[in-house]
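Residue numbers (our numbering): 23 to 419.
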(Lines of atoms letter the chains of each structure in order from A; the text may use other names.)
(Lines give C-alpha, C1' and ligand atoms only; values in the text may rest on other atoms or scores of the structure.)
Protein backbone atom coordinates (compact mmCIF):
# COMPACT_ATOMS: atom_id res chain seq x y z
CA UNK A 23 0.00 0.00 0.00
CA UNK A 24 1.36 3.40 -0.94
CA UNK A 25 1.64 6.02 1.83
CA UNK A 26 -1.41 8.10 2.72
CA UNK A 27 -1.81 11.33 0.82
CA UNK A 28 -2.50 14.70 2.39
CA UNK A 29 -6.02 15.85 1.65
CA UNK A 30 -4.76 18.85 -0.34
CA UNK A 31 -3.20 16.52 -2.93
CA UNK A 32 -6.58 15.01 -3.85
CA UNK A 33 -8.59 16.51 -6.70
CA UNK A 34 -11.87 18.17 -5.79
CA UNK A 35 -14.89 15.86 -5.98
CA UNK A 36 -16.74 16.11 -9.27
CA UNK A 37 -14.35 18.71 -10.74
CA UNK A 38 -12.79 18.67 -14.18
CA UNK A 39 -9.43 17.75 -12.69
CA UNK A 40 -10.90 14.72 -10.92
CA UNK A 41 -12.65 13.55 -14.09
CA UNK A 42 -9.46 13.93 -16.11
CA UNK A 43 -7.50 12.00 -13.47
CA UNK A 44 -10.11 9.23 -13.46
CA UNK A 45 -9.87 8.88 -17.23
CA UNK A 46 -6.07 8.77 -17.09
CA UNK A 47 -6.19 6.06 -14.42
CA UNK A 48 -8.63 4.08 -16.57
CA UNK A 49 -6.18 4.29 -19.46
CA UNK A 50 -3.39 3.23 -17.11
CA UNK A 51 -5.44 0.17 -16.12
CA UNK A 52 -5.88 -0.85 -19.73
CA UNK A 53 -2.16 -0.32 -20.30
CA UNK A 54 -1.45 -2.55 -17.28
CA UNK A 55 -3.28 -5.37 -19.05
CA UNK A 56 -6.84 -5.22 -17.74
CA UNK A 57 -9.71 -5.64 -20.18
CA UNK A 58 -12.08 -3.17 -18.52
CA UNK A 59 -11.74 -0.64 -15.71
CA UNK A 60 -14.56 1.04 -13.81
CA UNK A 61 -14.94 3.33 -10.81
CA UNK A 62 -17.38 2.98 -7.91
CA UNK A 63 -17.75 4.88 -4.64
CA UNK A 64 -16.44 3.05 -1.57
CA UNK A 65 -19.90 3.04 -0.02
CA UNK A 66 -22.31 0.49 1.43
CA UNK A 67 -23.18 -2.13 -1.22
CA UNK A 68 -26.60 -2.24 -2.83
CA UNK A 69 -26.78 -5.99 -2.18
CA UNK A 70 -25.80 -5.85 1.49
CA UNK A 71 -29.15 -7.05 2.81
CA UNK A 72 -29.22 -9.91 0.33
CA UNK A 73 -25.75 -10.93 1.49
CA UNK A 74 -26.85 -10.95 5.14
CA UNK A 75 -29.90 -13.06 4.27
CA UNK A 76 -27.66 -15.50 2.35
CA UNK A 77 -25.35 -15.88 5.34
CA UNK A 78 -28.32 -16.19 7.69
CA UNK A 79 -29.70 -19.06 5.62
CA UNK A 80 -26.37 -20.89 5.91
CA UNK A 81 -25.89 -20.98 2.16
CA UNK A 82 -22.17 -20.29 2.53
CA UNK A 83 -21.74 -23.85 3.80
CA UNK A 84 -18.37 -24.46 5.46
CA UNK A 85 -16.89 -21.17 4.20
CA UNK A 86 -17.03 -19.80 7.73
CA UNK A 87 -14.66 -16.96 6.92
CA UNK A 88 -17.52 -15.34 5.00
CA UNK A 89 -19.64 -15.07 8.16
CA UNK A 90 -16.96 -13.72 10.51
CA UNK A 91 -18.11 -10.52 12.18
CA UNK A 92 -15.14 -8.49 10.95
CA UNK A 93 -15.51 -9.81 7.40
CA UNK A 94 -19.24 -9.05 7.30
CA UNK A 95 -18.60 -5.54 8.60
CA UNK A 96 -16.02 -4.86 5.90
CA UNK A 97 -18.25 -6.22 3.15
CA UNK A 98 -21.03 -3.91 4.27
CA UNK A 99 -18.70 -0.95 4.73
CA UNK A 100 -16.00 -1.01 2.00
CA UNK A 101 -14.35 2.12 3.39
CA UNK A 102 -13.17 -0.02 6.33
CA UNK A 103 -11.09 -2.09 3.92
CA UNK A 104 -8.68 0.84 3.75
CA UNK A 105 -8.59 3.84 6.05
CA UNK A 106 -9.74 6.88 4.14
CA UNK A 107 -10.88 4.96 1.04
CA UNK A 108 -13.18 7.01 -1.17
CA UNK A 109 -13.14 5.14 -4.48
CA UNK A 110 -12.91 1.54 -5.66
CA UNK A 111 -11.13 1.09 -8.97
CA UNK A 112 -12.66 -2.14 -10.29
CA UNK A 113 -10.71 -4.12 -12.86
CA UNK A 114 -11.84 -6.96 -15.10
CA UNK A 115 -9.56 -9.61 -16.61
CA UNK A 116 -10.94 -12.32 -18.87
CA UNK A 117 -9.57 -15.87 -18.66
CA UNK A 118 -10.95 -17.81 -21.58
CA UNK A 119 -13.54 -17.89 -24.34
CA UNK A 120 -16.45 -20.25 -24.73
CA UNK A 121 -15.71 -23.24 -26.98
CA UNK A 122 -18.51 -25.66 -27.77
CA UNK A 123 -16.05 -27.73 -29.81
CA UNK A 124 -13.81 -28.16 -26.77
CA UNK A 125 -16.81 -29.31 -24.74
CA UNK A 126 -17.71 -31.97 -27.30
CA UNK A 127 -14.13 -33.21 -27.43
CA UNK A 128 -13.98 -33.38 -23.66
CA UNK A 129 -17.08 -35.53 -23.45
CA UNK A 130 -16.02 -37.81 -26.30
CA UNK A 131 -12.68 -38.63 -24.67
CA UNK A 132 -14.07 -39.55 -21.27
CA UNK A 133 -12.76 -40.39 -18.69
CA UNK A 134 -10.93 -37.11 -19.03
CA UNK A 135 -11.42 -34.76 -16.08
CA UNK A 136 -13.52 -31.65 -16.56
CA UNK A 137 -12.00 -28.64 -14.83
CA UNK A 138 -13.14 -25.03 -14.62
CA UNK A 139 -11.65 -22.94 -17.40
CA UNK A 140 -9.95 -20.47 -15.07
CA UNK A 141 -7.95 -23.26 -13.42
CA UNK A 142 -6.12 -24.42 -16.54
CA UNK A 143 -3.12 -22.17 -15.97
CA UNK A 144 -1.43 -19.98 -13.40
CA UNK A 145 -3.22 -19.00 -10.18
CA UNK A 146 -5.17 -15.87 -11.10
CA UNK A 147 -4.42 -14.28 -7.72
CA UNK A 148 -0.76 -13.91 -8.68
CA UNK A 149 -1.59 -12.45 -12.09
CA UNK A 150 -3.99 -9.95 -10.56
CA UNK A 151 -1.60 -8.94 -7.80
CA UNK A 152 1.12 -8.11 -10.30
CA UNK A 153 -1.18 -6.13 -12.57
CA UNK A 154 -2.87 -4.29 -9.70
CA UNK A 155 0.56 -3.35 -8.34
CA UNK A 156 1.45 -2.11 -11.81
CA UNK A 157 -1.75 -0.06 -11.95
CA UNK A 158 -1.12 1.37 -8.47
CA UNK A 159 2.37 2.45 -9.55
CA UNK A 160 1.04 4.06 -12.73
CA UNK A 161 -1.77 5.80 -10.83
CA UNK A 162 0.72 6.94 -8.21
CA UNK A 163 2.68 8.83 -10.85
CA UNK A 164 -0.54 10.54 -11.91
CA UNK A 165 -1.48 11.44 -8.32
CA UNK A 166 1.74 11.61 -6.28
CA UNK A 167 1.25 10.69 -2.63
CA UNK A 168 -2.13 9.00 -3.15
CA UNK A 169 -2.86 5.78 -1.28
CA UNK A 170 -3.89 2.46 -2.85
CA UNK A 171 -4.72 -0.99 -1.51
CA UNK A 172 -5.31 -3.99 -3.77
CA UNK A 173 -7.81 -6.81 -3.38
CA UNK A 174 -8.42 -9.93 -5.39
CA UNK A 175 -11.06 -12.34 -4.05
CA UNK A 176 -9.28 -13.21 -0.82
CA UNK A 177 -10.55 -10.12 0.97
CA UNK A 178 -13.94 -9.19 2.45
CA UNK A 179 -15.32 -7.30 -0.55
CA UNK A 180 -18.59 -7.80 -2.45
CA UNK A 181 -16.84 -7.67 -5.80
CA UNK A 182 -19.78 -8.24 -8.12
CA UNK A 183 -21.73 -5.50 -6.36
CA UNK A 184 -18.80 -3.16 -6.94
CA UNK A 185 -18.54 -4.31 -10.55
CA UNK A 186 -22.17 -3.47 -11.22
CA UNK A 187 -21.86 -0.08 -9.50
CA UNK A 188 -18.73 0.58 -11.57
CA UNK A 189 -20.73 0.06 -14.76
CA UNK A 190 -18.99 -3.16 -15.84
CA UNK A 191 -22.10 -5.33 -16.13
CA UNK A 192 -25.18 -6.72 -14.40
CA UNK A 193 -25.54 -9.54 -11.89
CA UNK A 194 -27.15 -12.39 -13.80
CA UNK A 195 -29.59 -15.05 -12.74
CA UNK A 196 -26.61 -17.35 -12.10
CA UNK A 197 -25.24 -14.65 -9.72
CA UNK A 198 -22.26 -13.99 -12.00
CA UNK A 199 -21.39 -10.47 -13.12
CA UNK A 200 -22.05 -10.42 -16.87
CA UNK A 201 -20.45 -7.90 -19.19
CA UNK A 202 -22.44 -7.15 -22.36
CA UNK A 203 -19.14 -7.19 -24.25
CA UNK A 204 -17.14 -9.95 -22.56
CA UNK A 205 -19.76 -12.26 -21.06
CA UNK A 206 -18.77 -13.70 -17.68
CA UNK A 207 -15.50 -15.57 -18.20
CA UNK A 208 -13.48 -13.04 -16.23
CA UNK A 209 -12.11 -12.30 -12.79
CA UNK A 210 -12.48 -9.10 -10.78
CA UNK A 211 -9.89 -7.24 -8.76
CA UNK A 212 -9.95 -3.89 -6.98
CA UNK A 213 -7.73 -1.01 -6.01
CA UNK A 214 -9.14 1.02 -3.14
CA UNK A 215 -7.86 4.58 -3.02
CA UNK A 216 -8.29 7.74 -1.02
CA UNK A 217 -8.69 9.66 -4.28
CA UNK A 218 -12.23 11.01 -4.52
CA UNK A 219 -12.87 10.21 -8.18
CA UNK A 220 -16.17 10.61 -10.05
CA UNK A 221 -17.87 7.19 -10.24
CA UNK A 222 -19.06 5.60 -13.45
CA UNK A 223 -22.78 5.16 -13.92
CA UNK A 224 -24.01 1.94 -12.34
CA UNK A 225 -25.11 -0.73 -14.80
CA UNK A 226 -28.89 -0.78 -14.46
CA UNK A 227 -30.28 -2.86 -17.38
CA UNK A 228 -31.03 -6.52 -16.73
CA UNK A 229 -30.23 -8.40 -19.92
CA UNK A 230 -31.15 -11.83 -18.57
CA UNK A 231 -34.79 -11.14 -19.39
CA UNK A 232 -36.86 -14.31 -19.20
CA UNK A 233 -33.87 -16.60 -19.89
CA UNK A 234 -33.47 -19.38 -17.32
CA UNK A 235 -30.88 -21.47 -19.15
CA UNK A 236 -28.47 -21.45 -16.21
CA UNK A 237 -31.18 -22.42 -13.72
CA UNK A 238 -32.37 -25.42 -15.70
CA UNK A 239 -28.87 -26.57 -16.68
CA UNK A 240 -27.46 -26.72 -13.13
CA UNK A 241 -27.40 -30.45 -12.28
CA UNK A 242 -27.60 -29.89 -8.52
CA UNK A 243 -30.28 -27.15 -8.52
CA UNK A 244 -27.87 -24.75 -6.82
CA UNK A 245 -29.35 -21.65 -8.50
CA UNK A 246 -32.44 -20.49 -6.65
CA UNK A 247 -35.09 -17.89 -7.36
CA UNK A 248 -34.11 -14.30 -6.70
CA UNK A 249 -30.58 -14.71 -8.10
CA UNK A 250 -29.40 -16.72 -5.15
CA UNK A 251 -26.76 -19.45 -5.29
CA UNK A 252 -26.80 -22.11 -2.59
CA UNK A 253 -23.08 -22.82 -2.30
CA UNK A 254 -23.77 -26.09 -0.49
CA UNK A 255 -25.14 -27.48 -3.76
CA UNK A 256 -22.69 -25.81 -6.14
CA UNK A 257 -20.18 -28.14 -7.81
CA UNK A 258 -17.46 -25.49 -7.58
CA UNK A 259 -17.91 -25.35 -3.80
CA UNK A 260 -18.13 -29.13 -3.46
CA UNK A 261 -14.91 -29.76 -5.39
CA UNK A 262 -12.82 -26.80 -4.20
CA UNK A 263 -13.98 -25.25 -0.92
CA UNK A 264 -15.53 -28.24 0.86
CA UNK A 265 -12.92 -30.02 2.95
CA UNK A 266 -14.91 -33.05 4.08
CA UNK A 267 -17.22 -35.63 2.52
CA UNK A 268 -19.15 -34.73 -0.59
CA UNK A 269 -22.80 -35.58 0.21
CA UNK A 270 -23.64 -38.94 -1.34
CA UNK A 271 -26.76 -37.53 -2.95
CA UNK A 272 -24.67 -35.05 -4.94
CA UNK A 273 -21.84 -37.28 -6.12
CA UNK A 274 -23.55 -38.80 -9.14
CA UNK A 275 -24.67 -35.33 -10.25
CA UNK A 276 -21.09 -34.03 -10.27
CA UNK A 277 -20.19 -36.29 -13.17
CA UNK A 278 -16.52 -36.02 -14.14
CA UNK A 279 -16.11 -32.44 -12.93
CA UNK A 280 -13.15 -32.79 -10.61
CA UNK A 281 -12.33 -29.10 -10.11
CA UNK A 282 -14.96 -26.41 -10.35
CA UNK A 283 -17.83 -26.09 -12.80
CA UNK A 284 -18.69 -23.78 -15.70
CA UNK A 285 -22.13 -25.12 -16.63
CA UNK A 286 -24.07 -21.99 -15.70
CA UNK A 287 -21.65 -19.95 -17.81
CA UNK A 288 -21.44 -22.37 -20.73
CA UNK A 289 -25.18 -22.18 -21.34
CA UNK A 290 -25.35 -18.39 -20.98
CA UNK A 291 -26.12 -16.78 -24.36
CA UNK A 292 -23.89 -13.83 -23.49
CA UNK A 293 -20.84 -16.09 -23.42
CA UNK A 294 -21.59 -17.38 -26.90
CA UNK A 295 -21.54 -13.92 -28.45
CA UNK A 296 -18.82 -12.28 -26.34
CA UNK A 297 -15.96 -10.37 -27.96
CA UNK A 298 -12.88 -11.82 -26.31
CA UNK A 299 -9.44 -10.24 -26.20
CA UNK A 300 -6.80 -12.05 -28.22
CA UNK A 301 -4.39 -13.10 -25.47
CA UNK A 302 -5.07 -15.23 -22.39
CA UNK A 303 -3.23 -14.00 -19.26
CA UNK A 304 -3.18 -17.20 -17.21
CA UNK A 305 -0.50 -19.41 -18.73
CA UNK A 306 1.15 -22.06 -16.58
CA UNK A 307 3.84 -20.90 -14.13
CA UNK A 308 7.42 -21.33 -15.29
CA UNK A 309 8.61 -24.89 -14.82
CA UNK A 310 5.10 -26.22 -14.19
CA UNK A 311 3.44 -28.84 -16.40
CA UNK A 312 -0.29 -29.26 -16.80
CA UNK A 313 -1.97 -32.07 -14.84
CA UNK A 314 -2.08 -35.46 -16.57
CA UNK A 315 -4.82 -35.51 -19.25
CA UNK A 316 -6.90 -38.39 -17.90
CA UNK A 317 -8.41 -39.01 -14.48
CA UNK A 318 -6.65 -42.35 -14.05
CA UNK A 319 -3.21 -40.91 -14.82
CA UNK A 320 -3.89 -37.88 -12.63
CA UNK A 321 -4.92 -40.11 -9.72
CA UNK A 322 -1.80 -42.23 -10.23
CA UNK A 323 0.37 -39.12 -10.10
CA UNK A 324 -1.27 -37.90 -6.89
CA UNK A 325 -0.92 -41.31 -5.24
CA UNK A 326 2.78 -41.21 -6.03
CA UNK A 327 3.25 -37.72 -4.55
CA UNK A 328 3.70 -36.96 -0.87
CA UNK A 329 1.88 -33.94 0.56
CA UNK A 330 5.11 -31.95 0.29
CA UNK A 331 5.63 -33.18 -3.25
CA UNK A 332 2.10 -32.12 -4.13
CA UNK A 333 2.65 -28.62 -2.77
CA UNK A 334 5.80 -28.27 -4.84
CA UNK A 335 4.18 -29.71 -7.97
CA UNK A 336 1.09 -27.50 -7.88
CA UNK A 337 2.44 -24.33 -6.26
CA UNK A 338 1.24 -21.29 -8.19
CA UNK A 339 -1.81 -23.05 -9.65
CA UNK A 340 -5.46 -23.18 -8.59
CA UNK A 341 -5.16 -26.92 -7.90
CA UNK A 342 -3.26 -26.19 -4.70
CA UNK A 343 -6.49 -24.92 -3.12
CA UNK A 344 -8.26 -28.25 -2.33
CA UNK A 345 -4.97 -30.00 -1.59
CA UNK A 346 -3.87 -33.50 -2.51
CA UNK A 347 -6.60 -35.21 -0.48
CA UNK A 348 -9.30 -33.00 -1.95
CA UNK A 349 -8.23 -33.69 -5.52
CA UNK A 350 -8.02 -37.44 -4.90
CA UNK A 351 -11.51 -37.32 -3.38
CA UNK A 352 -12.81 -35.52 -6.46
CA UNK A 353 -11.06 -37.89 -8.84
CA UNK A 354 -12.56 -40.88 -7.03
CA UNK A 355 -16.04 -39.44 -7.59
CA UNK A 356 -15.25 -38.63 -11.22
CA UNK A 357 -13.91 -42.12 -11.88
CA UNK A 358 -16.98 -43.67 -10.32
CA UNK A 359 -19.20 -41.60 -12.58
CA UNK A 360 -17.14 -42.15 -15.75
CA UNK A 361 -18.05 -45.84 -15.84
CA UNK A 362 -14.67 -47.11 -17.02
CA UNK A 363 -13.61 -50.50 -15.67
CA UNK A 364 -10.01 -49.41 -16.17
CA UNK A 365 -10.38 -47.24 -13.05
CA UNK A 366 -10.83 -50.18 -10.68
CA UNK A 367 -7.12 -50.67 -10.03
CA UNK A 368 -6.39 -47.06 -9.11
CA UNK A 369 -9.55 -46.86 -7.00
CA UNK A 370 -8.48 -49.92 -5.04
CA UNK A 371 -5.14 -48.24 -4.43
CA UNK A 372 -7.01 -45.25 -3.00
CA UNK A 373 -8.93 -47.54 -0.66
CA UNK A 374 -5.79 -49.32 0.52
CA UNK A 375 -3.29 -46.46 0.63
CA UNK A 376 -5.21 -43.31 1.55
CA UNK A 377 -6.89 -42.04 4.76
CA UNK A 378 -10.62 -42.27 5.40
CA UNK A 379 -11.83 -39.31 3.29
CA UNK A 380 -10.32 -40.54 0.03
CA UNK A 381 -10.90 -44.21 0.82
CA UNK A 382 -14.62 -43.67 1.49
CA UNK A 383 -15.15 -41.89 -1.83
CA UNK A 384 -13.13 -44.56 -3.63
CA UNK A 385 -15.29 -47.30 -2.10
CA UNK A 386 -18.37 -45.44 -3.32
CA UNK A 387 -16.88 -45.28 -6.82
CA UNK A 388 -15.97 -48.97 -6.82
CA UNK A 389 -19.49 -49.84 -5.77
CA UNK A 390 -20.87 -47.85 -8.70
CA UNK A 391 -18.50 -49.49 -11.16
CA UNK A 392 -19.32 -52.94 -9.87
CA UNK A 393 -23.05 -52.37 -10.24
CA UNK A 394 -24.28 -51.74 -6.70
CA UNK A 395 -25.90 -48.75 -5.09
CA UNK A 396 -23.88 -45.76 -3.94
CA UNK A 397 -22.13 -46.76 -0.73
CA UNK A 398 -22.60 -44.69 2.40
CA UNK A 399 -19.94 -43.99 4.99
CA UNK A 400 -21.26 -46.78 7.24
CA UNK A 401 -20.96 -49.34 4.44
CA UNK A 402 -24.66 -49.59 3.70
CA UNK A 403 -25.95 -49.21 0.15
CA UNK A 404 -28.23 -46.44 -1.06
CA UNK A 405 -30.33 -47.13 -4.19
CA UNK A 406 -29.48 -44.77 -7.01
CA UNK A 407 -33.08 -43.57 -7.39
CA UNK A 408 -32.89 -42.06 -3.91
CA UNK A 409 -29.73 -40.04 -4.53
CA UNK A 410 -31.41 -36.82 -5.57
CA UNK A 411 -33.70 -36.89 -2.52
CA UNK A 412 -30.64 -36.81 -0.28
CA UNK A 413 -29.18 -33.62 -1.73
CA UNK A 414 -30.69 -31.06 0.59
CA UNK A 415 -30.65 -33.36 3.62
CA UNK A 416 -26.90 -33.93 3.42
CA UNK A 417 -26.15 -30.37 2.39
CA UNK A 418 -27.53 -29.19 5.71
CA UNK A 419 -31.18 -28.41 5.03
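Backbone N, C-alpha and C fix where the C-beta goes; we use that ideal spot for every residue, glycine too.
inquiry  = Just to confirm the assignment, what range does the alpha helix (DSSP H) spanning residue 77 have?
reply    = 70-78
inquiry  = Using only CA atoms, which one of 162, 214, 272 and 240 lies nearest to residue 196?
reply    = 240
task = Look up residue 136 in the DSSP assignment and give the residues it is bridged to.
result = 279
query = From residue 65 to residue 388, what does the alpha carbon distance come to, in whole angstroms?
reply = It is roughly 53 Å from the alpha-carbon of residue 65 to the alpha-carbon of residue 388.
ask   = Who are the Cβ neighbours of residue 253 in its own chain at under 6 Å, not counting the five residues just before and after it?
value = Only 81, 82, 83 and 259 meet the Cβ criterion.
query = Closest to residue 316 by CA distance: which of 289, 353 and 169 is it?
reply = 353
inquiry  = Counting C-beta neighbours from all protein chains within 10 Å, is the total for residue 229 16 or more, i.e. buried, or is it exposed?
reply    = exposed
key: Residues that residue 12 bridges to, as DSSP identifies them   = Nothing can be reported for residue 12, as the shown portion of the chain is limited to 23 through 419.
request  = Starting from residue 368, trace the alpha helix (DSSP H) both ways and give me its first and last residue.
outcome  = 366-375
key: Extent of the continuous alpha helix (DSSP H) run through residue 332   = 329-336
task = Give the C-beta separation of residue 59 and residue 51 to the nearest angstrom, bearing in mind that I take them to be a contact with Cβ-Cβ under 8 Å.
result = At roughly 4 Å, the Cβ-Cβ gap stays under 8 Å, so residue 59 and residue 51 are in contact.
inquiry  = Strictly by DSSP, which residues pair up with residue 251?
reply    = 245
key: Residue range of the unbroken beta strand (DSSP E) whose run includes residue 63   = 58-63
ask   = Can you give the beta carbon distance from residue 299 to residue 57, rounded, assuming they're within the 8 Å contact cut?
value = With a Cβ gap of about 6 Å, residue 299 and residue 57 count as contacting.
inquiry  = Tell me which residues share the same chain as residue 275 and place their Cβ nearer than 7 Å to its Cβ, disregarding the 5 neighbours each side in the sequence.
reply    = Answer for residue 275: 241 and 242, listed in chain order.
query = Could you give the residue range of the alpha helix (DSSP H) that holds residue 356?
reply = 345-360
task = Evaluate the contact criterion for the segment 180-187 versus the segment 278-290: three or more CB pairs, one atom per stretch, below 8 Å.
result = no
ask   = Which term fits residue 269, buried or exposed, when burial requires 16 or more other beta carbons within 10 angstroms of its beta carbon?
value = buried
request  = For residue 197, name the three-state secondary structure that DSSP assigns.
outcome  = coil
key: Nonlocal neighbours in the same chain, by C-beta distance under 7 Å from residue 54, ignoring five residues either side   = 153, 156, 157 and 160, listed in sequence order.
ask   = What whole-angstrom Cβ distance do residue 118 and residue 139 have, given they're in contact under 8 Å?
value = Contact between residue 118 and residue 139 holds, since their C-beta atoms are separated by about 4 Å, short of 8 Å.
key: Three-pair Cβ contact test at 8 Å for the segment 326-337 versus the segment 376-383   = No, because fewer than three Cβ pairs between the segment 326-337 and the segment 376-383 fall closer than 8 Å, the two stretches do not touch.
ask   = Short check: CB of residue 112 to CB of residue 171, under 8 Å?
value = No, they are not a contact pair.
task = Please say whether residue 191 and residue 199 have beta carbons closer to each other than 8 Å?
result = yes
key: Secondary structure of residue 316, DSSP reduced to three states   = coil
Simplified DSSP assignment, three categories, for residue 396 = Here the model assigns residue 396 a pLDDT of 39, short of 50, so the residue's position is not dependable and the matter cannot be decided.
ask   = Do residue 349 and residue 357 have their C-beta atoms within less than 8 Å of each other?
value = no
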